[in-house]
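Note that full-length UniProt numbering has the sequence shown beginning at 1, numbered continuously upward. Just so you know, even glycine gets a beta-carbon here, dropped at the ideal spot from N, CA and C. Here's the structure we're looking at; comments come further down.
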Amino acid sequence: MIVKIEDPMSAQNNADSKDGTANTLPDTTAVIHVQVCYGTPTSQPIRSLTVPQGTLLHDAIIRSGILDEWHEIDLNHCRVGIFGKLKALDTLVRDRDRIEIYRGLIADPKESRRKRASKVAGEDGSAATDKKSR
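As structure tokens, this is what we get:
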């Protein structure tokens, strides 16, 4: 879904002032392209959209509409990032950024690794004893 945002005030902001000098307000018509993605075990929605330059990460997520579709996303608890690096919600997005919304972990990675290691050690118990005796 591509959302095109047009600022009705852009023509007014860029118009010359009454005294003939150019208005120095920033150009709000400049737009950038970003993607917002969220992954679940069953789907990985990606929303491509166009936002005004100077948009915050939080605002881009809201504009994407992904929060309306996935009600379990709570930006107060979910971490977010750009291209795999954690970022704050007040980070300015840049052109071609991929904004990622991260889910909480289901299992503790350290505990999962311990369980796998103990399972392998239980299966290879005799091999482990042979190595120690050498």
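Backbone CA spacing between residue i and residue j [nearest angstrom]
i, j, result
"Asp-95", "Phe-83", "13 Å"
"Ala-107", "Arg-116", "13 Å"
"Ile-73", "Leu-67", "6 Å"
"Ile-99", "Gln-53", "15 Å"
"Ile-62", "Ala-30", "19 Å"
"Ile-46", "Cys-78", "17 Å"
"Gly-122", "Ser-48", "49 Å"
"His-58", "Val-120", "44 Å"
"Cys-37", "Thr-91", "16 Å"
"His-71", "Val-51", "22 Å"
With 16 other Cβ atoms within 10 Å as the buried cut-off, status of residue i
i, result
"Ala-60", "buried"
"Ala-22", "Interpretation of Ala-22 is limited by its pLDDT of 49, a score under 50 that renders its predicted location unreliable; the figure taken from the coordinates is listed afterwards. Exposed, since its Cβ has fewer than 16 Cβ neighbours within 10 Å."
"Thr-42", "exposed"
"Val-93", "buried"
"Leu-86", "exposed"
"Thr-55", "buried"
"Lys-4", "In this prediction, Lys-4 has a pLDDT of 46, which is less than 50 and means its spatial position is unreliable; what the coordinates show is noted afterwards. Burial call: exposed."
"Ser-64", "buried"
"Asp-97", "buried"
"Tyr-102", "exposed"
Simplified DSSP state of residue i, which is helix, strand or coil
i, result
"Ile-106", "coil"
"Ile-99", "strand"
"Ser-112", "helix"
"residue 153", "The chain is shown only over 1 to 134; residue 153 falls outside these bounds and no answer can be derived."
"Met-1", "Interpretation of Met-1 is limited by its pLDDT of 42, a score under 50 that renders its predicted location unreliable; no figure is taken from the coordinates."
"Ala-15", "Summary for Ala-15: the model assigns pLDDT 47, below 50, so the residue's position carries little reliability, and this model does not support an answer."
Closer than 8 Å to chain C by CB, residue i
i, result
"Lys-119", "No chain C is part of this structure, which consists of one protein chain only."
Host beta strand (DSSP E) of residue i (start-end)
i, result
"His-33", "31-38"
Exercise. Can you give, in chain order, each stretch of the alpha helix (DSSP H) that sits fully within the stretch 53-92 and has at least 4 residues?
Worked result: 57-64, 66-69
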